[in-house]
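Okay, structure first, notes after.
2 protein chains.
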Amino acid sequence: MAKEKKLVEAITSMEEDFAQWYTDVVKKAGLMDYSSIKGCMIFKPNGYAIWENVQKQLDARFKEADVENVYLPMFIPESLLQKEKDHVEGFAPEVAWVTQGGLETLPERLCVRPTSETLFCDLYAGIIQSYRDLPKVYNQWCSVVRWEKTTRPFLRSSEFLWQEGHTAHATEEEAEERTVQMLNIYADFCEEVLAIPMVKGRKTDREKFAGASATYTIEALMHDGKALQSGTSHNFGDGFARAFGIQYTDKENQLQYVHQTSWGVSTRLIGAIIMVHGDDSGLVLPPRIAPVQAMVIPIQQQKEGVLKKAEEVHRNLAKEFRVKMDVTEKSPGWKFAEQEMRGIPVRVELGPKDIAAGQCVVVRRDTREKIVVPLDELNVRLAEILKTMQDDMLSRAKDFLASHISDAHDYDEFQKAAAEKPGFIRGMWCGDEACELKIKEDTTVTSRCMPFDDQEQIAETCVCCGRPAHKLVYWGKAY
Amino acid sequence: MAKEKKLVEAITSMEEDFAQWYTDVVKKAGLMDYSSIKGCMIFKPNGYAIWENVQKQLDARFKEADVENVYLPMFIPESLLQKEKDHVEGFAPEVAWVTQGGLETLPERLCVRPTSETLFCDLYAGIIQSYRDLPKVYNQWCSVVRWEKTTRPFLRSSEFLWQEGHTAHATEEEAEERTVQMLNIYADFCEEVLAIPMVKGRKTDREKFAGASATYTIEALMHDGKALQSGTSHNFGDGFARAFGIQYTDKENQLQYVHQTSWGVSTRLIGAIIMVHGDDSGLVLPPRIAPVQAMVIPIQQQKEGVLKKAEEVHRNLAKEFRVKMDVTEKSPGWKFAEQEMRGIPVRVELGPKDIAAGQCVVVRRDTREKIVVPLDELNVRLAEILKTMQDDMLSRAKDFLASHISDAHDYDEFQKAAAEKPGFIRGMWCGDEACELKIKEDTTVTSRCMPFDDQEQIAETCVCCGRPAHKLVYWGKAY
Numbered sequence: 000m001a002k003e004k005k006l007v008e009a010i011t012s013m014e015e016d017f018a019q020w021y022t023d024v025v026k027k028a029g030l031m032d033y034s035s036i037k038g039c040m041i042f043k044p045n046g047y048a049i050w051e052n053v054q055k056q057l058d059a060r061f062k063e064a065d066v067e068n069v070y071l072p073m074f075i076p077e078s079l080l081q082k083e084k085d086h087v088e089g090f091a092p093e094v095a096w097v098t099q100g101g102l103e104t105l106p107e108r109l110c111v112r113p114t115s116e117t118l119f120c121d122l123y124a125g126i127i128q129s130y131r132d133l134p135k136v137y138n139q140w141c142s143v144v145r146w147e148k149t150t151r152p153f154l155r156s157s158e159f160l161w162q163e164g165h166t167a168h169a170t171e172e173e174a175e176e177r178t179v180q181m182l183n184i185y186a187d188f189c190e191e192v193l194a195i196p197m198v199k200g201r202k203t204d205r206e207k208f209a210g211a212s213a214t215y216t217i218e219a220l221m222h223d224g225k226a227l228q229s230g231t232s233h234n235f236g237d238g239f240a241r242a243f244g245i246q247y248t249d250k251e252n253q254l255q256y257v258h259q260t261s262w263g264v265s266t267r268l269i270g271a272i273i274m275v276h277g278d279d280s281g282l283v284l285p286p287r288i289a290p291v292q293a294m295v296i297p298i299q300q301q302k303e304g305v306l307k308k309a310e311e312v313h314r315n316l317a318k319e320f321r322v323k324m325d326v327t328e329k330s331p332g333w334k335f336a337e338q339e340m341r342g343i344p345v346r347v348e349l350g351p352k353d354i355a356a357g358q359c360v361v362v363r364r365d366t367r368e369k370i371v372v373p374l375d376e377l378n379v380r381l382a383e384i385l386k387t388m389q390d391d392m393l394s395r396a397k398d399f400l401a402s403h404i405s406d407a408h409d410y411d412e413f414q415k416a417a418a419e420k421p422g423f424i425r426g427m428w429c430g431d432e433a434c435e436l437k438i439k440e441d442t443t444v445t446s447r448c449m450p451f452d453d454q455e456q457i458a459e460t461c462v463c464c465g466r467p468a469h470k471l472v473y474w475g476k477a478y
Numbered sequence: 000m001a002k003e004k005k006l007v008e009a010i011t012s013m014e015e016d017f018a019q020w021y022t023d024v025v026k027k028a029g030l031m032d033y034s035s036i037k038g039c040m041i042f043k044p045n046g047y048a049i050w051e052n053v054q055k056q057l058d059a060r061f062k063e064a065d066v067e068n069v070y071l072p073m074f075i076p077e078s079l080l081q082k083e084k085d086h087v088e089g090f091a092p093e094v095a096w097v098t099q100g101g102l103e104t105l106p107e108r109l110c111v112r113p114t115s116e117t118l119f120c121d122l123y124a125g126i127i128q129s130y131r132d133l134p135k136v137y138n139q140w141c142s143v144v145r146w147e148k149t150t151r152p153f154l155r156s157s158e159f160l161w162q163e164g165h166t167a168h169a170t171e172e173e174a175e176e177r178t179v180q181m182l183n184i185y186a187d188f189c190e191e192v193l194a195i196p197m198v199k200g201r202k203t204d205r206e207k208f209a210g211a212s213a214t215y216t217i218e219a220l221m222h223d224g225k226a227l228q229s230g231t232s233h234n235f236g237d238g239f240a241r242a243f244g245i246q247y248t249d250k251e252n253q254l255q256y257v258h259q260t261s262w263g264v265s266t267r268l269i270g271a272i273i274m275v276h277g278d279d280s281g282l283v284l285p286p287r288i289a290p291v292q293a294m295v296i297p298i299q300q301q302k303e304g305v306l307k308k309a310e311e312v313h314r315n316l317a318k319e320f321r322v323k324m325d326v327t328e329k330s331p332g333w334k335f336a337e338q339e340m341r342g343i344p345v346r347v348e349l350g351p352k353d354i355a356a357g358q359c360v361v362v363r364r365d366t367r368e369k370i371v372v373p374l375d376e377l378n379v380r381l382a383e384i385l386k387t388m389q390d391d392m393l394s395r396a397k398d399f400l401a402s403h404i405s406d407a408h409d410y411d412e413f414q415k416a417a418a419e420k421p422g423f424i425r426g427m428w429c430g431d432e433a434c435e436l437k438i439k440e441d442t443t444v445t446s447r448c449m450p451f452d453d454q455e456q457i458a459e460t461c462v463c464c465g466r467p468a469h470k471l472v473y474w475g476k477a478y
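Chains as they are written, first to last, in numbering that gives the first Met the number 0: chain C, 0 to 478; chain P, 0 to 478.
Here's what the structure looks like:
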């Protein structure tokens, strides 16, 4: 009992200490554990199951978009990593190096992939000859390693899980189209499945990916008002193609360089789910991504007929939903608290009185609303309840986002917003990196993105230096 | 056209050179490619798609058996690897070592996991306290690294993909039960889905896993008469538990060591599919595992109405089957050859005359049988054809296995069988490792397993030394 009690009681409140609340939820919901390797995490069953659902649903969207999965080696020879100048400068300082294989010292160091642009380029240089070989739209689900000094569960760790798509196209237009297409797939998935609305846009040069000509991003707003970069899609132009010699013969028999893209999301998304939807009782999972959508909890289960009926209900629900039943000897109160901590969208309470009345009580995790449902309507009604809950979660997240965007017209307003208003700040930017740097130094706020769909000019001058400015930027403190 | 021609013509015949045939199929069916990292392979779309189907179907069987998926770090500190003596001796000579992280030399070397017993033990030592915490039945899908000197696609490479299950139990009996249960899940999956019959049994001490008290194995027979170890399940007893201090308090409040198991299958299974079912036209995939089960090939597709009808047929088939359509400008002959090379179970040929007659021609990949099918019965008939093909493939593989097992009663017979009869040799063994070694040196044959279900004594003396023997062993040359 002592252990369960701790599970239920020892969670820090969000308002008191958001960072500690986050760590508590991650641990107590059984999502992850620390390992004995510095900066590396263990994905425990409840955490990994969320990732499995992300994989399954996102991969289905990829396949509809003609993406083919592959798997490339986890090692990159040092000479290969060095072929694209910006890329190696961006990644070399943070990679892990293998120097010995078996009992021998290797003739060349191998880095454990921090990302696989170089390997895909090496492959494409070998298999692309003609325009008939294009496009290539490959993706891999794997883990990558970046030797981080400070780590946080799901948000930043030395090893993490992700997918990385890498494509090669005949034309610049097709590459740009694919870059945008994948960003939209990410944004739609996050909104429709994770109930997380995204701000979409382009990164400034300072924030773009090492080696990219343009980086597009989706940025989500966490409950503490900080932004989380949740997915990126890069257009490489022909930069990597020139460095790696990836050429094809076009229909006129001319040799051309391919145009490339890459795009990825990672287990960071789990961090986003926690920090957008969680509350002081723990995790709250949107029904579409929840590994367990409903937990059946029998009340007074020792009484005759209760377990039998609960099993029947469980069996029926299992035909349509991801459902479990808690028949341990814990008290109903503990079972409720555990189900809430794990963020299971609803629980189905069923006691002797309910059974006598031919009903059960469905309790929503997000609102705590109790809904009495006749047993013979349970499957239909549960589908409705889960749908409503999913919609409500998205709409609350959208409201939160909308109410946490403030406009700044000059540097005074900007600094005041940075100090007092958690969330995004919209402000014009002249395009000079010096302003980005000054803002960061003064306020710890960084440029998150320049929105695509917003031609709005909220002012005519840069929010930092006062010079003429035409670019609207979403600024924010970020994870 | 030159490229396609090569695809179709340049495959070596099996009888002529089996090893070269294998390499040709692997390359020309688009399963894999070599990478610029020694011993590491690239899983190309057609190869990775097979692995995805293995994962999907095997994982569903795991989940029915209460297995929970997790993900542990890819690095193991040297000190952790060294905790279990036999285990480190078995693996240390063949691991890759990370010695630098970012710009710094690490205080302790980390090996890239060759297998993760030590990490799971470290985790279990932390999270198991009471009998209430047991059993733990965790599994992970990941890649592992073993620094191999000689490599072959899918069969032996420095990095490969696999799953590794690791469990902890309160009792010896429960651990033994889980070890056998998982071996049976593997054997059933291979037989029912891959159409590969397995010989099941226990490994001799010489052949068992480093650190295990018993290793069980499934062994398949390839078309060249060589055995392929296709999956293993290990009972560790409490050896690792003692080395790592994994203890729990039982119901009587006594401290006890847990009993552990581990079990795994890898991308080797793809090698088994190729070498059991392939023929001189390329790969032959069992319908249940084939990423594409049927390829619709329009004939005279430029004629009016052909493409439209083919699209309609494709759309209808796609509701029930994994199906693609080849509408490239290649000739039907080339399309047939490509579909055959890739091992797609059936092709559906559809030309103007077929359309006029309201029919199509279904051609089985394994037998080349042509079956005229009315279009309005196509979905029903195709399901039957695929089922029959799956059954026929298994039954041919079973016949092949049965006809490639010979009994040896003394060493003369044994050596003759080893030299002349490809396949398994059944022979009694005294239990002395010296005999295993002598047999291996004389004939390159190794002990594959001691069958569970065979109490048959085919002789009373050891096939090697002539001393009394009670153990029946399946011997064979192996990959």
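Here a beta-carbon is modelled for each residue, glycine too, at the ideal position from N, C-alpha and C.
Check whether the Cβ of residue i lies closer than 6 Å to any heavy atom of the ligand MN, and answer yes or no.
{"i": "A91/P", "result": "Among the components of this structure there are no ligands whatsoever, and the ligand MN is therefore not found."}
Check for me: the beta strand (DSSP E) holding residue i runs from which residue to which?
{"i": "M40/C", "result": "40 to 42"}
{"i": "G422/C", "result": "Careful: G422/C lies outside any beta strand (DSSP E) and carries neither H nor E."}
{"i": "S261/C", "result": "258 to 265"}
{"i": "P450/C", "result": "445 to 450"}
{"i": "Q228/P", "result": "226 to 236"}
{"i": "D489/P", "result": "One cannot answer for residue 489/P here, as it falls past the ends of chain P, which runs 0 to 478."}
Tell me the residue span of the alpha helix (DSSP H) that contains residue i.
{"i": "D121/P", "result": "116 to 126"}
{"i": "D204/P", "result": "Per DSSP, D204/P belongs to no alpha helix (DSSP H) and is neither H nor E."}
{"i": "R395/P", "result": "377 to 401"}
{"i": "H86/C", "result": "84 to 90"}
{"i": "K352/C", "result": "351 to 356"}
{"i": "Y185/C", "result": "171 to 191"}
{"i": "T442/C", "result": "432 to 442"}
What is the DSSP secondary structure of residue i, reduced to helix, strand or coil?
{"i": "G281/P", "result": "strand"}
{"i": "W146/C", "result": "coil"}
{"i": "D249/P", "result": "coil"}
{"i": "D406/C", "result": "strand"}
{"i": "P152/C", "result": "coil"}
{"i": "V198/C", "result": "strand"}
{"i": "V371/P", "result": "strand"}
{"i": "I217/P", "result": "strand"}
{"i": "H168/C", "result": "strand"}
{"i": "K470/C", "result": "strand"}
{"i": "E459/C", "result": "coil"}
{"i": "T104/P", "result": "strand"}
Along the segment 52 to 75 of chain P, what residues have a CB closer than 7 Å to any CB found in chain C? E67, N68, V69, Y70, L71, P72, M73, F74
Can you confirm whether the segment 86 to 95 of chain P touches the segment 95 to 106 of chain C when touching is taken to mean that 3 or more C-beta pairs between the two stretches lie within less than 8 Å? yes
For the segment 35 to 77 of chain C, list the alpha helix (DSSP H) runs that are entirely contained and at least 4 residues long, ordered along the chain. 44 to 63
Between the segment 115 to 128 of chain C and chain P, which residues of the former have a C-beta closer than 9 Å to a C-beta of the latter? L118, D121, L122, G125, I126, Q128
Residues of the segment 81 to 101 of chain P whose Cβ lies closer than 9 Å to any Cβ of chain C, in chain order: A91, P92, E93, V94, A95, W96, V97, T98, Q99, G100, G101
Under 7 Å, CB to CB, which of the residues in the segment 152 to 171 of chain C have a partner in chain P? E158, L160
Of all the residues that make up the segment 409 to 441 of chain P, which are near chain C by a beta-carbon distance shorter than 8 Å? none
Decide if the segment 108 to 125 of chain P is in contact with the segment 239 to 256 of chain P; the criterion is three or more beta carbon pairs, one per stretch, under 8 Å apart. yes
Would you call the segment 291 to 307 of chain P in contact with the segment 316 to 325 of chain P, where contact means no fewer than 3 C-beta pairs closer than 8 Å? yes
Under 8 Å, CB to CB, which of the residues in the segment 27 to 43 of chain P have a partner in chain C? D32, S34, S35, I36, C39, M40, I41, F42, K43
At a CB distance below 7 Å, what residues from the segment 170 to 186 of chain C approach chain P? Give them in sequence order. none
Contact list for the segment 269 to 303 of chain C against chain P, Cβ threshold 9 Å: none
Just list the alpha helix (DSSP H) runs in the segment 261 to 343 of chain C, keeping only unbroken ones of 4 residues or longer that don't cross its boundaries, in chain order. 267 to 276, 305 to 317, 331 to 340
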